[in-house]
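Novice: Take this structure, written in structure tokens, and hold onto it; I'll ask about it next.
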């Protein structure tokens, strides 16, 4: 192995060995950026991906590291293995990594609702990570994540009773294919303004019936009220994730959560409109104070001065951004919020790495 | 007046005289299309606009009609005057037209919450139009309109108790300037894909700080959680309109309505995610049946087959389109819906014209 490819080797480093499974994917790419930005408590860092990516060189620790093929032996000596791969790959390989002695931090949906797998957001339920009988810890879905840090902070003070959520989800939530599809559709539409009395199906025709990529309808100049797969009662997998994961993270198994998940033509950063019902009366001032001091939350809330979060203004940053904080004039227990969070950072890579860092610090 | 400009003259026609004030605007343009498409019960049709548009020729009745300048005498002999102009113009000129004997149907926000002005959606509260002591009838805001026909039909059967609304509002809700701004921003951004780890503010910089048009932030590749102006308690005028107008149209002065209004990069057609709470238990089947037979509503609800409404698939059509109809697994009185409606047609011009047609039919 040349000096140039030994960047992850950890020679002379005493920390735990970290593996990143799915190093070449969209979330893996963001993870490599985060590893370069954040404190480095790690010994060896091992990059793992599918066999077809083996041998590829990726940036690490100021040099380059060679990607190893995913195989059981790749986990030998690994203390913490972060998985950023599709559900079925995690389902198969997570237990293999755990059996080889690694603590697995998994960003897929494979284990999130398994009662023997903690679902962890460090700012909210760090203590849950201690009980992990399978050696696996799960990372929440990016849409749940876009609100849960802020909502969890409010819950501690005001007691959450119910959540109505409408999402504005970015194309990159469907991976690089989602981004590529959005740009291809925008290019196909060109910059020609639509006629005022636009005709139904114009965008569909211009984009091309078979050019929807991972989405079930055109996304450019459109919004698509369907993400994930269809489940019981007409709900989507994405909407049920928001419900079930919120309940598990907050430790509120009976919480009423009703979500509508909608894809919007934004590249990266999910937004959510949240209407939350609390057991205690809330004022906007009190909510703002709780959120201002909550770890992982940043408040942007002076709408008269044009200050509120938008995806393009917060993308590439770590916090959950909160604005439009207001209380219903009809019920002082009803709070409305608008939140934005980078779905590839806190919504995926960052929270996974935070869990890994927490495990490393605990020894 | 030449034959070519006499198209609105009504010679030989016996119906009521109709005036369209704001004939050259975005909504006025759609109104001219509707007048061409729909049955024509009218005598003379008079096109009126600001003095700077006077003399302009617009398409009417297969020919062209000359725009008259807005002045008191323009309303002499007018039976019904439809106003599609800014609030302040309606506030000044609506009473003048009414004093000259016209029944005014106003699409601005000037009179909607006036207790002496009925706020009418023909499918929901046609009977309210009969009591109009000021000679003025108001047309609801386009965002309220995007859901109220469907929600009103459900209310009749299941008894509405509360509404949580998140909107996905099109650029044309801010008029032609909104459309022009969106396209100019898309052109400025070009079709160059953003880097995966996109940086906050990139869109803002590419679009140009002073190129936001009628919006308070970039709209291309973004969503903007602010529409209208700032009111008490951090709510926007648009959000309070959804609350106050829904209450008035449905005759439910105490209805809990909490709305978050968000602009999205769509040209025309507003969408809303609605979570409605009823006093009676609801099933998705029962809701679908009510909506399928409700006037002005069309159901598109087979999400497993990719069937749900999206803006680009319904723009240019008349109904309120409803899909994603589902009941909370936690509470059988909680119904979730996704709705789309053309904000320039039913959301503005069409409802105004329907009211005028109703008045014409009543004689």
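Protein chains in written order, with the working numbering: chain A, 1 to 363; chain B, 364 to 726.
For glycine and all other residues, C-beta sits at the position ideal for the given N, C-alpha and C.
Source: prediction; values computed, not measured.
Are the CB atoms of residue 307(A) and residue 322(A) nearer to each other than 7 Å?
Specialist: As a working mapping, residue 307(A) is identified with position 307 in the first chain. As a working mapping, residue 322(A) is identified with position 322 in the first chain. No.
Novice: Give the residues of chain B in contact with residue 314(A), contact being defined as C-beta atoms less than 8 Å apart.
Specialist: Here residue 314(A) corresponds to residue number 314 of the first chain, with the count starting at 1. In chain order: 563.
Novice: For residue 68(A), write down the residues that DSSP places opposite it in a beta bridge.
Specialist: The residue labelled residue 68(A) in the question sits at position 68 within the first chain. Answer is 48(A), bridged to residue 68(A).
Novice: Nearest CA to the CA of residue 36(A): which residue from 182(A), 44(A), 195(A) and 61(A)?
Specialist: Here the question's residue 36(A) lines up with position 36 in the first chain. The residue with the shortest Cα to Cα distance from residue 36(A) is 61(A).
Novice: To the nearest angstrom, how far is the alpha carbon of residue 104(A) from that of residue 132(A)?
Specialist: Sequence index remark: in the first chain, residue 104(A) carries index 104 (1-based). Sequence index remark: in the first chain, residue 132(A) carries index 132 (1-based). Their Cα atoms are separated by approximately 10 Å.
Novice: With three or more C-beta pairs closer than 8 Å as the rule, is the region 438–455 of chain B touching the region 675–693 of chain B?
Specialist: Short answer: they don't touch.
Novice: I think residue 153(A) touches residue 350(A), with their Cβ atoms under 8 Å apart; what is that distance to the nearest whole Å?
Specialist: Here residue 153(A) refers to the residue found at position 153 of the first chain. Here residue 350(A) refers to the residue found at position 350 of the first chain. About 17 Å; that fails the 8 Å criterion.
Novice: Exposed or buried, residue 40(A), counting other C-beta atoms within 10 Å across all chains shown (16 or more means buried)?
Specialist: Counting from 1 along the first chain, the entry for residue 40(A) is found at position 40. Residue 40(A) comes out exposed.
Novice: Taking only beta-carbon positions, decide if residue 691(B) is within less than 7 Å of chain A.
Specialist: Position 328 of the second chain, counted from the start, is the residue given in the question as residue 691(B). Yes, residue 691(B) lies at the interface with chain A (some Cβ there is under 7 Å from its Cβ).
Novice: Below 8 Å, can you find three or more Cβ-Cβ pairs linking the region 551–564 of chain B to the region 204–215 of chain A?
Specialist: No: the two stretches stay apart, fewer than three of their Cβ pairs being nearer than 8 Å.
Novice: Exposed or buried, what is residue 650(B) when buried is set at 16 or more other beta-carbons lying within 10 Å of its beta-carbon?
Specialist: The sequence position of residue 650(B) within the second chain is 287, counting from 1. The residue is buried, with at least 16 neighbouring Cβ atoms inside 10 Å.
Novice: Please list, in chain order, the residues of the region 528–546 of chain B that have any C-beta partner in chain A closer than 8 Å.
Specialist: Answer set for the region 528–546 of chain B: 529, 531, 535, 539, 542, 543 and 546.
Novice: Which of the residues in the region 240–265 of chain A, read from start to end, lie with their CB under 7 Å from any CB of chain B?
Specialist: Result list: 256, 258, 260, 262, 264 and 265.
Novice: Would you call the region 481–498 of chain B and the region 580–596 of chain B touching, i.e. three or more CB-CB distances under 8 Å?
Specialist: With the cut-off at 8 Å, the region 481–498 of chain B and the region 580–596 of chain B do not touch.
Novice: Which residues, taken in chain order from the region 32–63 of chain A, show a beta carbon closer than 9 Å to some beta carbon of chain B?
Specialist: Listed in sequence order: 33.
Novice: Just the Cα atoms here: how many angstroms apart are residue 542(B) and residue 676(B)?
Specialist: By 1-based counting over the second chain, the position of residue 542(B) is 179. By 1-based counting over the second chain, the position of residue 676(B) is 313. So the alpha carbons of these two residues sit roughly 18 Å apart.
Novice: Using a beta-carbon distance below 7 Å, is residue 222(A) in contact with chain B?
Specialist: Indexing the first chain from 1 puts residue 222(A) at position 222. Yes, residue 222(A) lies at the interface with chain B (some Cβ there is under 7 Å from its Cβ).
Novice: Can you tell me which of the three DSSP states residue 391(B) falls into?
Specialist: Reading the second chain from its first residue, position 28 is the one you call residue 391(B). Three-state result, residue 391(B): helix.
Novice: Excluding five sequence neighbours on each side, which residues of the same chain lie with their C-beta closer than 6 Å to the C-beta of residue 294(A)?
Specialist: Here residue 294(A) is taken as the residue at index 294 of the first chain, counted from 1. Result list for residue 294(A): 153, in chain order.
Novice: Ignore the nearest five residues each way along the sequence and tell me which others in residue 643(B)'s own chain have a CB closer than 6 Å to its CB.
Specialist: By 1-based counting over the second chain, the position of residue 643(B) is 280. Correct list, in chain order: 521 and 522.
Novice: Which term fits residue 101(A), buried or exposed, when burial requires 16 or more other beta carbons within 10 angstroms of its beta carbon?
Specialist: Taking the first residue of the first chain as 1, we reach residue 101(A) at position 101. Burial call: exposed.
Novice: Which runs of the beta strand (DSSP E) fall wholly inside the region 430–512 of chain B and span at least 3 residues, in chain order?
Specialist: Those beta strand (DSSP E) runs which fall completely within the region 430–512 of chain B and span 3+ residues are 443–446, 466–469 and 499–501.
Novice: So for residue 572(B), helix, strand or coil by DSSP?
Specialist: Taking the first residue of the second chain as position 1, residue 572(B) is located at position 209. Three-state DSSP puts residue 572(B) in coil, outside helix and strand.
Novice: According to the Cβ coordinates, are residue 528(B) and residue 635(B) closer than 7 Å?
Specialist: What you label residue 528(B) is simply residue 165 of the second chain in a count that begins at 1. What you label residue 635(B) is simply residue 272 of the second chain in a count that begins at 1. A contact, by the Cβ cut-off of 7 Å.
Novice: Restricting to Cα atoms, I'd like to know which of 87(A), 174(A) and 188(A) is closest to residue 138(A).
Specialist: In the first chain, residue 138(A) corresponds to position 138, counting from 1. Selected option, being the one with the closest Cα: 87(A).
Novice: From the DSSP output, in three-state form, read off residue 240(A) for me.
Specialist: Here residue 240(A) is taken as the residue at index 240 of the first chain, counted from 1. Three-state DSSP puts residue 240(A) in a helix.
Novice: Under the DSSP definition of a beta bridge, which residues are partnered with residue 420(B)?
Specialist: Position 57 of the second chain, counted from the start, is the residue given in the question as residue 420(B). DSSP, once it has assigned bridges, lists 429(B) as partnering residue 420(B).
Novice: Please name the residues in the region 633–663 of chain B whose beta-carbon is closer than 7 Å to at least one beta-carbon of chain A, in chain order.
Specialist: Flagged, chain order: 634, 636, 638 and 647.
Novice: Could you tell me which of 29(A), 20(A), 43(A) and 38(A) sits nearest to residue 11(A), measuring between CA atoms?
Specialist: Locating residue 11(A) in the first chain gives position 11, counting from the first residue. Per the Cα distances, 43(A).
Novice: Quick check on DSSP: helix, strand or coil for residue 665(B)?
Specialist: Here residue 665(B) is taken as the residue at index 302 of the second chain, counted from 1. DSSP places residue 665(B) in strand when its eight states are reduced to three.
Novice: What residues from the region 451–475 of chain B come within 9 Å of chain A, judged by C-beta to C-beta, listed N to C?
Specialist: Going along the region 451–475 of chain B in chain order, one finds no residue with a Cβ nearer than 9 Å to chain A.
Novice: Considering Cα atoms alone, identify which of 409(B), 394(B) and 393(B) is closest to residue 380(B).
Specialist: For the purposes of this step, residue 380(B) is taken as residue 17 along the second chain, with counting starting at 1. That would be 409(B), whose Cα lies nearest to the Cα of residue 380(B).
Novice: Measure the C-alpha to C-alpha separation of residue 135(A) and residue 98(A) and round it to an integer number of angstroms.
Specialist: For this step, residue 135(A) is matched to residue 135 along the first chain. For this step, residue 98(A) is matched to residue 98 along the first chain. C-alpha separation (whole angstroms): 6 Å.
Novice: Using a Cβ cut-off of 8 Å, which residues of the region 135–154 of chain A contact any Cβ in chain B, in chain order?
Specialist: So the list is empty, because no residue satisfies the distance condition.
Novice: What is the DSSP secondary structure of residue 226(A), reduced to helix, strand or coil?
Specialist: Reading the first chain from its first residue, position 226 is the one you call residue 226(A). It is coil, neither helix nor strand.
Novice: List, in order along the chain, the chain A residues whose C-beta lies closer than 8 Å to that of residue 667(B)?
Specialist: On the second chain, position 304 is the one that residue 667(B) refers to. By Cβ distance, chain A contributes 230.
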